[in-house]
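Chemist:
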Amino acid sequence: MRATTIPFFASPYKLSMFLECPRKYWYYYISEETKYKQPEYPYFTVGGHVHDTLKNFFNLDKNLRTREKILEILETFWETKSGREGGFESKEEEELYKRRAKKMLLKFFESEDIKAKPILWHSQSNPRVEVATNLFFTGVFDRIDVLPNDALHVIDYKTGKEDAVDKRNIQLPLYAVLAEKIFRKPVIQVSYLNLESGRWDTKGLERGYAFDIIGRVQEIVAQIPRSDEKEDFVCEYGNRCFHCNYLKEMGYGLET
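For what it's worth, our numbering labels the leading residue of the sequence shown as 35, then goes sequentially.
Shown next as structure tokens:
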């Protein structure tokens, strides 16, 4: 049994995994044998390369942000993880995903404001801020812009249909609270930008949103067993569960 006074670091990914499948949460966050391990999937590899490309593209001087440069940066990142290491089953599959990545980046280059200078672009560090006793919000921002009125606009990129829909509306409000506490400026807009379709989904934040998201996260955290025992993390699907297939793909002969 783990103590209830241990700080809990809540990220959108961590919360969504528990809500998706408590047993999968146990394998990924608690079991020492499988902790933080998962197989490589092509769409995760592509998403990572595209995000890293955009981060580095916007680190360039505005005059250096060219069509050729964005593709050159993608090529550099692609060389760091490709083939089987990137989850691709064949050269043909890899080339298909690579063309998809290029298409997303070129669409972004042609349609979006490439002169923008986000104050934080897909940081590799995970900021943490305490929002309640022993509860910290954490996560990785894709992009935060400063609006003309000195308020903030939090933007999260989606790289395709594989991205899970945030039905519970946790991710962007949580990131908004995180950004406000770090940069000490109000967040008044949050957006998803689908890099494949180019579609923006932008919303304003209502007064009191921070209290709402903190309360909802506290309710979710209260459901997570304060235990290290697998049996306490119940999968309601039993043998019909598909969430733990990743264990078999990594070579673990584990039961769900």
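In this text, a Cβ means the ideal position worked out from N, Cα and C, and glycines have one as well.
Are the segment 164-176 and the segment 103-112 touching, with three or more C-beta to C-beta distances below 8 Å?
Modeler: Pairwise C-beta distances place the segment 164-176 out of contact with the segment 103-112, as fewer than three of them are shorter than 8 Å.
Chemist: Residues bridged to His187 by DSSP?
Modeler: Asp179, Gln223
Chemist: Can you tell me which of the three DSSP states Arg202 falls into?
Modeler: coil
Chemist: Counting beta carbon pairs with one atom in the segment 86-98 and one in the segment 115-129, are three or more of them shorter than 8 Å?
Modeler: no
Chemist: Express the C-alpha separation of Gly120 and Thr79 in angstroms, rounding to a whole number.
Modeler: 6 Å
Chemist: Quick one: grab the DSSP three-state call for Val268.
Modeler: coil
Chemist: Just mark Glu106 as buried or exposed, buried being the case when its beta carbon has 16 or more other beta carbons within 10 Å.
Modeler: exposed
Chemist: How many Å lie between Ala166 and Ala44 at the Cα?
Modeler: So the alpha carbons of these two residues sit roughly 11 Å apart.
Chemist: Consult DSSP for Thr290 and reduce its assignment to one of helix, strand or coil.
Modeler: Confidence at Thr290 is low in this model, with a pLDDT of 47, below 50, so its placement is unreliable and the value that follows should be read with caution. Coil, per DSSP.
Chemist: Applying the criterion that 16 or more other CB atoms from any shown protein chain within 10 Å of the CB defines a buried residue, is Phe142 buried or exposed?
Modeler: Burial of Phe142 is indicated by the presence of at least 16 other C-beta atoms within 10 angstroms of its C-beta.
Chemist: Within a Cβ cutoff of 7 Å, which residues of the same chain sit near Lys215, ignoring the five residues on either side of it in sequence?
Modeler: Val163
Chemist: Which word fits Gln205, buried or exposed, when buried means at least 16 other C-beta atoms lie within 10 angstroms of its C-beta?
Modeler: With 16 or more other Cβ atoms within 10 Å, it is buried.
Chemist: Quick check: the segment 45-62 against the segment 266-277, are at least 3 beta-carbon pairs closer than 8 Å?
Modeler: yes
Chemist: At which residues does the alpha helix (DSSP H) containing Leu229 begin and terminate?
Modeler: It is not in any alpha helix (DSSP H) - Leu229 carries neither H nor E in the DSSP assignment.
Chemist: How many angstroms separate the CA atom of Asn203 from the CA atom of Tyr75?
Modeler: Linking Asn203 to Tyr75 through their CA atoms gives a straight-line distance of about 25 Å.
Chemist: Please go through the same chain and pick out, in chain order, the residues whose beta-carbon is closer than 8 Å to the beta-carbon of Lys149, but skip the five residues on each side of it.
Modeler: Lys96, Arg99
Chemist: My output table needs one value for Lys71: the three-state DSSP class, helix, strand or coil.
Modeler: coil
Chemist: Give the secondary structure of Thr114 by DSSP, where H, G and I count as helix, E and B as strand, and everything else as coil.
Modeler: Annotated three-state conformation of Thr114 is helix, per DSSP.
Chemist: What does the Cβ neighbour count give for Trp234, buried or exposed, with the cut at 16 atoms within 10 Å?
Modeler: exposed
Chemist: Within the same chain, show all residues whose beta-carbon is closer than 7 Å to that of Lys255, passing over the 5 residues directly before and after it, in chain order.
Modeler: Note on residue identity: the sequence assigns Val, not Lys, to residue 255. Cβ within range, chain order: Phe42, Ala44, Leu169.
Chemist: In whole angstroms, what separates the C-alpha of Asn273 from that of Tyr61?
Modeler: 16 Å
Chemist: Closest to Tyr243 by CA distance: which of Gln252, Ile178, Val211 is it?
Modeler: Val211
Chemist: Who are the Cβ neighbours of Tyr226 in its own chain at under 7 Å, not counting the five residues just before and after it?
Modeler: Asp190, Lys192, Asp235
Chemist: Buried or exposed: Thr290, going by 16 or more other Cβ atoms within 10 Å of its Cβ?
Modeler: Bear in mind that a pLDDT of 47 at Thr290, under 50, signals an unreliable position, so the number given afterwards is only what the model happens to contain. Buried, by the Cβ-count rule.
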